[in-house]
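Reviewing the structure listed below.
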Amino acid sequence: MDITSLKAWEMKEKLLNKEISSKDIVEAHIKRIEEIEPNINAFITLNKEEALKAADAVDKKLRNNENVGVLAGVPIGIKDNIVTKGMRTTCASKMLENFIPPYDATVIEKIKKSDGIIIGKTNMDEFAMGGSTETSYFGTTKNPVDPSRVPGGSSGGSAAAVCSNEVPLALGTDTGGSVRQPASYCGVVGLKPTYGMISRYGVVSMANTLDQVGVFGRDVKDAVLMLNAIAGHDRRDSTSSRRSNSGVFIGDDDNESINLLEGLKVALPKEYAEMGVSNKKIQVLFDEAVKVFERQGAKIDFVSIPHLKYALETYYIIMTSEVSSNLARFDGIRYGHRAEDYKTLDELYTNSRTEGFGEEVKRRIMIGTYSLSAGYAEEHYKKALKVRTLIKQDYDNAFIDHDIILSLTSTMLPFEFNSIINDPVEMYKSDLYTVPINIAGLCSMSIPMGKVDGLPVGLQITGDRFMEKNIIKAALGYERAVL
Amino acid sequence: MGYKTIVGLEIHVELATKHKVFCNCANEYGAEANTLVCPVCLGLPGALPVLDKEALEFGIKAGIAFNSKISNLVRMDRKNYFYPDLVKGYQISQADLPLCDGGYVEIELEEETKKINLERIHIEEDTGKQLHTDESSTLLDFNRCGVPLIEIVTKPDMSSAEEARLFLDKLRATLKYIGVSNVKMEEGSLRCDVNINVVNMESGKKSNISEIKNLNSFKGVVKAIEFEEKRHITLLEEGNNTERETRRWDESKGETILMRRKFGAADYRFAFDGDIPPVSLTEEEIDRIRESLPELPHDKKDRFIKEYELSSYDAGVLTQTKELASLFEDTVKYINDSKLVSNWIMGDVLRRLKDDELEIEDLKISSKDLADLLKLVKDGRINNNTGKKVLKEMFDTGKAPEVIVKEQGLIQISDEGELLSLIEKILDENEQSIIDYKNGKDRALGFLVGQIMKASKGKANPQLANKMLVEMINKR
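Line by line, the protein sequences are chains A and B.
Per the working numbering, the very first residue in the first sequence carries number 143; after that it's consecutive.
Per the working numbering, the very first residue in the second sequence carries number 281; after that it's consecutive.
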């Protein structure tokens, strides 16, 4: 038996049945990581010793017949923009190359409390800015499906690690698609919950009104297992909602004989249909997926999201504005990279930030600073906030009569390295399917729906705020129908 | 003559909440550097602010006390700028929607009561402190980071240093009254910047506004305004003008020094802070806070004038601080003589405090003890001068007046028999004085009284002794 190819829930079952120990699980994964990392580079920092210690602690609990948590013995990869006490947290930036946080993010505390095993910190685009993991200061991560291609981003390390069986579960963050798009590119499940569902305390902000922690798994059930362990209101994050406490347990949906798609009210945004997809094979795959829903008894319907056409502009103004403010704290004064060469305070700031940040980060800080500047804020930032409200209203209207919205996760296949990163506008465009979901704060997930030319393509299932149960139900139903 | 001074103030007040405004760190002054810090107030990556309810409530209390309109929506914004004592690269503050809009403070001028209008009061976080060492390096102490502040901005309604001082006195007294701040300028819990210019009343020509910083006392504020008034007028008289600039008050030199010129307004790129969801405040919640406020100084003053028949001046002095007002009222409760109590507090009690440079909070004398002392005086058991001596002893030791009187045997001699023999003895010893008195030298009587007081160690009831002395001389 290859432990690393098991789903997390399967590992847990075998652990509780004492077929395997937590130590077996962790050792198998460390071995797998050691084999595969030189080719994939999914991790920035590994936590082997601590992981083995944590495994021993779980085994000890089991030997003493003590209760163990819901993630007992399961190795988990953590995107490197989520702070871990005593473990380097770099945000894949030279700026934080040697930054060791003195505290744990709330999600890390919850994983530890649930007896999950943190195996390491995964690679990402620098400060989560990018869609290919190519802007990382620690080298690119390769797509395990085709190592000549990117894993997507910005949570590319987490997606690749789950795809290549280095871990069964991983955390990412999603500001404009950074969980769903790499999930699509690597052929795994990626779930971005509603804004406010998971505490952001200890998650290094990129754009704080859009950022949300998301989960990766190799099937829907695993993603839900992870989500249930970390969701919930946190008094240390005022933007986390009390509505998140209700939980998203699968419950009766776990009964495989039930057809979960029967009667499901599914919306297809007609704006996407009108735009079309340049790669016809991807379109065909999507049309087939819709037919699966239809055949299972779902009601398919077109809706209009009229302000979708402004989503990208709105996103890029709000996101960059927030980036410019959120990244101001990296100034070389208290922690992080400080330039060696400076004479004045201004030079200390300028040189430290010039050296510490990569090009994409600097580009976004510049754009955001401009958007917030006196004389421009009115026509950029403030107008974008108004359009944001309109986009939210469009989705509110769509969800009056529908349970979920179906779309592609990305209109693109995972691309080859260096093929697109020199053209930031093209990369921005690929976010068109994922970005509006963050603008409206909705929940959404990408699940594998097949391959085109041997490369994975994701189906995006979107639900209303705090209606995770709807997208999970749809995803489970689809997974059962096609497997 | 011919010039009018225009002064506006910006006052930062640290709120005396238990915790900092966005985290659970203690809000205390004077702790060892960098011991009152956590990931939130240090602005570490990933840490998030949570608005402290008490800080919000204190801000609202200040707004109510200064007659402002309280906003029904509390929204926090980010003020973006770089500075070593600013840990996040932005200060969480409020931009176009302040917690409190408008308001005013009334000050008592000789002729009239003047209203100094407020522009706004908003809530924000304090920054850390920089300490520059001799070796040209800078140390940073982040204990103050995240201490809640309110910034009070006045309209340019003051026209002299004196008006500014009266305004600040009133502002400080009120903030202390409602218990939202320690308002100690020397500890930085109250900080004041001055905006000043002058206008020539004939020509209408105005000088450009100077902003004065680094003012560490109310005295400094007064002196800086007086200095600037002269500087502005002199420049205008010479046909020049001031520059729009920020200046620093140098206490030792007694002058203001240029810090930087202002070229247009600084761009702080204000934006809504999405980490702190807006808080709605209902009128009911605001009313509940209003009702929790103690009686404000001006209301108390009016009541004192009416209830205790005090002069406006006396009532004003007695209501300057809550503690002084309570001492007065509580003492009056024990001894129903408001005039007597007011005279003693306004006189000896305040004088003693001033001489020893103490605050009313430091007073060791309880209202009960003060009332007991005044009863001893009023009943003639000790005389006025002895009363003052006992008060001093009470002031120094905190002992009850009866104890002091007993220990030192200070009870006044009002027994006629005892006084009779005492006076007989003095008269026998000073026959020349009797002759002098009878020859019309009134001074002789004073000498004899002095001898009686001396012999009685000051305990003789002076009125009675005087009366008996005259009678007894006349009998001789």
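Virtual Cβ for every residue (Gly too), placed ideally from N, Cα, C.
Here's a check: name, in chain order, each residue in its chain whose Cβ is nearer than 7 Å to the Cβ of residue i, leaving out the five neighbours to either side.
i	result
Gly272/A	Gly295, Ser296 and Glu502
Thr456/A	Ala526, Val529, Arg530, Ile533 and Ile581
Asn181/A	Lys284 and Pro289
Glu229/B	Chain B is shown only over 281 to 756; residue 229/B falls outside these bounds and no answer can be derived.
Val210/A	Val200, Lys203, Leu204 and Asp257
Leu455/B	Val293, Ala342, Ser461 and Val463
Look at the alpha carbon of residue i and the alpha carbon of residue j, and state the distance between them as a whole number of angstroms.
i	j	result
Leu213/A	Ser463/A	37 Å
Leu322/B	Leu620/B	55 Å
Asn387/A	Arg378/A	15 Å
Ala409/A	Ser274/A	29 Å
Cys380/B	Thr486/A	39 Å
Thr604/A	Ser341/A	20 Å
Pro574/B	Lys341/B	10 Å
Ile112/A	Asp144/A	As displayed, chain A neither begins before 143 nor continues past 625, which places residue 112/A out of reach and without an answer.
Gly319/A	Val577/A	6 Å
Pro681/B	Leu638/B	21 Å
Val321/A	Ser383/A	21 Å
Gly600/A	Leu555/A	10 Å
Glu609/B	Ile458/B	18 Å
Met266/A	Met591/A	24 Å
Lys503/B	Ile513/B	16 Å
Leu598/B	Leu576/B	13 Å
Cys318/B	Arg471/A	15 Å
Ser202/A	Trp151/A	For the sequence presented, residue 202/A should be read as Lys rather than Ser. Roughly 20 Å separates the two Cα atoms.
Ala327/B	Thr351/A	14 Å
Val427/B	Thr407/B	8 Å
Lys394/B	Gln688/B	51 Å
Asp543/A	Ser446/A	12 Å
Could you tell me whether the Cβ atoms of residue i and residue j are closer together than 8 Å?
i	j	result
Ser348/B	Gly383/B	yes
Ala197/A	Ser147/A	no
Thr231/A	Glu239/A	no
Val225/A	Pro325/B	yes
Arg524/B	Ile489/B	yes
Gln374/B	Glu405/B	no
Arg360/A	Val304/A	yes
Leu353/B	Ser483/B	no
Lys450/B	Val385/B	yes
Asn664/B	Val670/B	no
Trp529/B	Asn475/B	no
Ala444/B	Val287/B	yes
Ile579/A	Ser586/A	yes
Tyr620/A	Val434/A	yes
Pro364/B	Thr413/B	no
Per DSSP, residue i is paired with what?
i	result
His402/B	Glu431/B
Thr315/A	Val355/A
His292/B	Glu431/B and Arg471/B
Thr604/A	Ile547/A and Ser586/A
Tyr384/B	Asn397/B
Thr526/B	Glu491/B and Arg540/B
Phe552/B	Asp357/B
Thr285/B	Val478/B
Spatial neighbours of residue i within its chain, please: CB distance less than 8 Å, with the 5 preceding and 5 following residues excluded, ordered by chain position.
i	result
Val729/B	Pro742, Ala745, Asn746 and Leu749
Ser592/B	Lys581 and Ile585
I'd like the list of long-range same chain contacts for residue i, defined as Cβ closer than 6 Å, with 5 residues on each side in sequence excluded.
i	result
Lys363/A	Trp151
Below 7 Å between beta carbons is the criterion; list the residues of the stretch 351-369 of chain B that meet it against any residue of chain A, in chain order.
Arg358, Asn360, Phe362, Pro364, Val367, Lys368 and Gly369
So if I threshold CB-CB distances at 7 Å, which residues from the stretch 318-348 of chain A count as touching chain B?
Arg342, Tyr343, Gly344, Val345 and Val346
Taking beta-carbon pairs under 7 Å, can you tell me which members of the stretch 539-557 of chain B lie near chain A?
Asp547, Arg549, Ala551, Gly554, Asp555, Ile556 and Pro557
Contacting positions in the stretch 226-252 of chain A - beta carbon closer than 8 Å to chain B:
Thr231, Cys233, Leu238, Phe241, Pro243, Pro244, Tyr245 and Ala247
Which residues, in order along the stretch 309-333 of chain B, keep a beta-carbon less than 9 Å from a beta-carbon of chain A?
Cys318, Pro319, Val320, Leu322, Gly323, Leu324, Pro325, Gly326, Ala327, Leu328, Pro329, Val330 and Leu331
Closer than 8 Å between beta carbons: that is the criterion. Which residues of the stretch 580-601 of chain A meet it against chain B?
none
Counting only Cβ-Cβ distances shorter than 8 Å, please list the residues of the stretch 476-494 of chain A near chain B, keeping chain order.
Arg476, Tyr477, Leu487 and Tyr491
Proximal residues, the stretch 501-519 of chain A versus chain B, C-beta separation under 8 Å:
Thr511, Leu514, Ser515, Ala516 and Ala519
Closer than 7 Å between beta carbons: that is the criterion. Which residues of the stretch 348-362 of chain A meet it against chain B?
Asn350 and Thr351
Would you list, in chain order, the members of the stretch 522-538 of chain A that have their beta-carbon closer than 7 Å to a beta-carbon of chain B?
Tyr523
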